[in-house]
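J.: Line order of the protein sequences matches chains D and X. In this text, residue positions in the first sequence follow the numbering used here: the first is 151, and each later residue adds one. In this text, residue positions in the second sequence follow the numbering used here: the first is 151, and each later residue adds one. Ideal placement from N, C-alpha and C gives every residue a C-beta, glycine not left out. These numbers were taken from a predicted model, which means no experiment stands behind them. Supplied in structure tokens, the structure appears directly below.
2 protein chains.
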Amino acid sequence: MVGQRQFDERRTLERAREVFWLKGYGATSMQDIATASGVLRGSLYNAYRDKETLFLRVFEGYAEEFLGEVARTLAHPDVDQALRDFFDFTITSMTTGVPTRGCLSTKTAIDTKAEGERIRVALRELIDGMERLLRERISTEEARSRLTIPPEEAARVLITMTRGIVVMERVYQDPERLRATAASLVEALLP
Amino acid sequence: MVGQRQFDERRTLERAREVFWLKGYGATSMQDIATASGVLRGSLYNAYRDKETLFLRVFEGYAEEFLGEVARTLAHPDVDQALRDFFDFTITSMTTGVPTRGCLSTKTAIDTKAEGERIRVALRELIDGMERLLRERISTEEARSRLTIPPEEAARVLITMTRGIVVMERVYQDPERLRATAASLVEALLP
DNA sequence: ACATACTTTGACGAGTGTGTCAAACAAGTC
DNA sequence: GACTTGTTTGACACACTCGTCAAAGTATGT
């Protein structure tokens, strides 16, 4: 390679992720990312073409990490505990930072300035992935026998619940309340 | 009154609501509302001071109507049916329009440009109101005896679920899926 | 008819946004 | 040392944003 990239791409995407996460796609300007990363706006446009493409690049890494963490939390042998760990992880993730950062994928899903098809596809892939992990975890013979509804349906309910919890976090800013609600749902699914 | 308002306030707030609902608080400009209502920007500023105050005025009407509808849907004597009607109403509301408009309160809750305290208070009032209606409806002796978890917890789970459904609507744009998920939850709560 | 009190109107200031581009630059290759 | 190829840089064009304000307009009360 002859004319090679001068800036540290990992670090730049990391900073970009933080900004997108905190402010959301629509409210984040390329200048915000330039300032946060120390890379000039022009270089960002040269390297990533436009804001949407840069975002997709950032989101790719986010989704991968997130799914990895989810898989880890669900690994607990006890189904109840696995689900509690799962909710614990998502709640901790969204209530991290001051002010709390919330959930990147939910912010993006709701953002009217992020309605491009590429973004929606990326969102679907992440949620599909989470749903698959959940479904697989609660499809064991043991879990199946204890569930009040079929695992496929329970997985959908659980994944939908995580999205709802994100919204409630924004409104009430009370992690304990979120955990209690999550525990209530688990109790209803696995009495 | 001497110098009285020239424009039809009802109609103007109605149009403003439509725009805010479709585009979200942050992405809506005063010019958007001026264009949609036919009232000049200057007049809007004169009448409502600023964008946030105008929004709060709009949201007030929205919340009132919404709570009224919720109360009506929950009135069904059969608890299962009442909850199904409740979800049916929220899902129909968010999937109305082309493109579907989603949920105004959820869009506002997630919007990083709508983080003012007055807005958060208005959001809490609406959600608190919905929760109260739900809780009261499922606190009857009959409902209580059938619920898998206490009515207070069930109300929180239900309200959180509606917020999650809104997010899933944005991602998958599939009303049937939303109804199925809602039905699954009701099944888990009232087996 | 005239004063009053408010609304309407359109221009203004100041800031922000996206994306483009030509020129300067840097790092390998011949 | 010259060439190639991509990157960096800062300025540019253009559009949009919020909120303000002076001047013109208008319906009511006297």
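Tell me whether D228 of chain D sits in a helix, a strand or coil according to DSSP, three-state version.
T.: As a first step, residue 228 of chain D must be located in the first sequence, where it is residue number 78. Residue state, collapsed to three classes: coil.
J.: With a cut-off of 8 Å, does the C-beta of S334 of chain D fall near any C-beta of chain X?
T.: One-based indexing of the first sequence puts residue 334 of chain D at position 184. By this cut-off, S334 of chain D is an interface position.
J.: Chain X partners of M318 of chain D, CB-CB under 7 Å?
T.: As a first step, residue 318 of chain D must be located in the first sequence, where it is residue number 168. Chain X residues near M318 of chain D: T310, R313.
J.: Using only the alpha-carbon positions, how far apart do L217 of chain D and D200 of chain X sit?
T.: Looking up residue 217 of chain D in the first sequence gives position 67. Looking up residue 200 of chain X in the second sequence gives position 50. Going from the Cα of L217 of chain D to the Cα of D200 of chain X covers about 42 Å.
J.: Counting along the chain, where does the alpha helix (DSSP H) carrying V248 of chain D start and finish?
T.: As a first step, residue 248 of chain D is located in the first sequence; it is residue number 98 there, counting from the start. Taken as a continuous stretch (DSSP letters only), V248 of chain D belongs to no alpha helix (DSSP H), as it is neither H nor E.
J.: Taking E337 of chain D as the query, report the chain X residues whose CB atoms sit under 7 Å from its CB, ordered along the chain.
T.: For the purposes of this step, residue 337 of chain D is taken as residue 187 along the first sequence, with counting starting at 1. Within chain X, the residues near E337 of chain D are I299.
J.: Using a Cβ-Cβ distance cut-off of 8 Å, determine whether I183 of chain D contacts chain X.
T.: One-based indexing of the first sequence puts residue 183 of chain D at position 33. Not one beta carbon of chain X lies nearer than 8 Å to the beta carbon of I183 of chain D.
J.: What does the alpha-carbon distance come out to for the pair I241 of chain X and L328 of chain X?
T.: Position 91 of the second sequence, counted from the first residue, corresponds to residue 241 of chain X. Position 178 of the second sequence, counted from the first residue, corresponds to residue 328 of chain X. One C-alpha to the other measures close to 7 Å.
J.: With DSSP run on the structure shown, which of helix, strand or coil describes S179 of chain X?
T.: Here residue 179 of chain X refers to the residue found at position 29 when the second sequence is read from its first residue. Coil, per DSSP.
J.: Run down chain D in chain order and give the residues with a C-beta less than 7 Å from the C-beta of E303 of chain X.
T.: Reading the second sequence from its first residue, position 153 is the one you call residue 303 of chain X. Going along chain D in sequence order, the residues near E303 of chain X (Cβ under 7 Å) are S334.
J.: Kindly say whether T242 of chain X, judged by its beta-carbon, lies nearer than 8 Å to any beta-carbon of chain D.
T.: Looking up residue 242 of chain X in the second sequence gives position 92. T242 of chain X does not count as touching chain D.
J.: Rounded to the nearest angstrom, what separates G247 of chain D and Q154 of chain X at their Cα positions?
T.: Residue 247 of chain D sits at position 97 when you count from the first residue of the first sequence. Residue 154 of chain X sits at position 4 when you count from the first residue of the second sequence. Each residue's alpha carbon lies about 49 Å from the other.
J.: Taking the alpha-carbon of A225 of chain X as reference, which of X:D158, X:A293, X:R287 has the nearest alpha-carbon?
T.: Residue numbering aside, residue 225 of chain X sits at position 75 when the second sequence is read from its first letter. Closest option to A225 of chain X, Cα to Cα, is X:R287.
J.: So, does the CB of K201 of chain X fall closer than 8 Å to a CB anywhere in chain D?
T.: What you label residue 201 of chain X is simply residue 51 of the second sequence in a count that begins at 1. Closer than 8 Å: no.
J.: Going by Cα to Cα distance, which pick from X:G192, X:L254, X:R222, X:F237 is closest to V208 of chain X?
T.: For the purposes of this step, residue 208 of chain X is taken as residue 58 along the second sequence, with counting starting at 1. Looking at the Cα atoms, X:L254 is the closest of the given residues.
J.: Pairing CB atoms from the region 304-314 of chain X with CB atoms from the region 306-323 of chain D, are three or more of them under 8 Å?
T.: yes
J.: Measure the Cβ-Cβ separation of L339 of chain X and T290 of chain X and say whether it is below 8 Å.
T.: In the second sequence, the residue the question calls residue 339 of chain X occupies position 189. In the second sequence, the residue the question calls residue 290 of chain X occupies position 140. No, the pair does not count as a contact, with Cβ atoms beyond the cut-off.
J.: Verify the CB distance criterion: does P341 of chain D have a CB-CB separation below 8 Å to chain X?
T.: As a working note, residue 341 of chain D is residue 191 in the first sequence. Interface residue, yes.
J.: Kindly list the residues whose CB is nearer than 8 Å to the CB of K257 of chain D, restricted to its own chain and excluding five residues on each side of it in sequence; keep chain order.
T.: For the purposes of this step, residue 257 of chain D is taken as the residue at position 107 of the first sequence. Excluding positions up to five away in sequence, the list reads W171, G174, Y175.
J.: Can you tell which of X:R167, X:R274, X:A177 has its C-alpha closest to the C-alpha of R186 of chain X?
T.: Within the second sequence, the letter at position 36 stands for residue 186 of chain X. A small correction: the amino acid at residue 186 of chain X is Ala; Arg does not occupy that position in the sequence shown. Nearest C-alpha to A186 of chain X: X:R167.
J.: Residues of chain X with CB under 7 Å from L273 of chain D, in chain order?
T.: Within the first sequence, residue 273 of chain D is the residue found at index 123, counting from 1. Ordered by position in chain X, the residues that pass the 7 Å Cβ test against L273 of chain D are V321.
J.: Tell me which same chain residues have a C-beta within less than 8 Å of the C-beta of V307 of chain X, skipping the five on either side of it?
T.: By one-based count along the second sequence, residue 307 of chain X stands at place 157. If we look at V307 of chain X and ignore the five residues flanking it on each side, its Cβ neighbours are I299, L335, L339.
J.: Hey, is V307 of chain D's beta-carbon within less than 8 Å of any beta-carbon in chain X?
T.: One-based indexing of the first sequence puts residue 307 of chain D at position 157. Chain X contact via Cβ: present.
J.: State the start and end residues of the unbroken alpha helix (DSSP H) segment that holds I288 of chain D.
T.: As a working note, residue 288 of chain D is residue 138 in the first sequence. I288 of chain D -> no alpha helix (DSSP H), and no H or E assigned at all.
J.: So that I know if they touch, is there some Cβ in chain X lying closer than 8 Å to that of T250 of chain D?
T.: Within the first sequence, residue 250 of chain D is the residue found at index 100, counting from 1. No - not a single Cβ of chain X is within 8 Å of the one on T250 of chain D.
J.: Pick from X:P227, X:M244, X:M180: whose alpha carbon is nearest that of E326 of chain X?
T.: Indexing the second sequence from 1 puts residue 326 of chain X at position 176. Closest option to E326 of chain X, Cα to Cα, is X:M244.
J.: Give the residues of chain D in contact with A166 of chain X, contact being defined as C-beta atoms less than 8 Å apart.
T.: Locating residue 166 of chain X in the second sequence gives position 16, counting from the first residue. Residues of chain D passing the Cβ test: none, with the nearest at roughly 16 Å.
J.: When you compare the CB positions of A305 of chain D and F237 of chain D, do they come within less than 8 Å of one another, or not?
T.: Numbered from 1 along the first sequence, position 155 holds the residue referred to as residue 305 of chain D. Numbered from 1 along the first sequence, position 87 holds the residue referred to as residue 237 of chain D. Their beta carbons are not under 8 Å apart, which means A305 of chain D does not touch F237 of chain D by this criterion.
J.: Is the CB of A177 of chain D under 8 Å away from at least one CB in chain X?
T.: By 1-based counting over the first sequence, the position of residue 177 of chain D is 27. Yes, because at least one Cβ of chain X sits closer than 8 Å to the Cβ of A177 of chain D.
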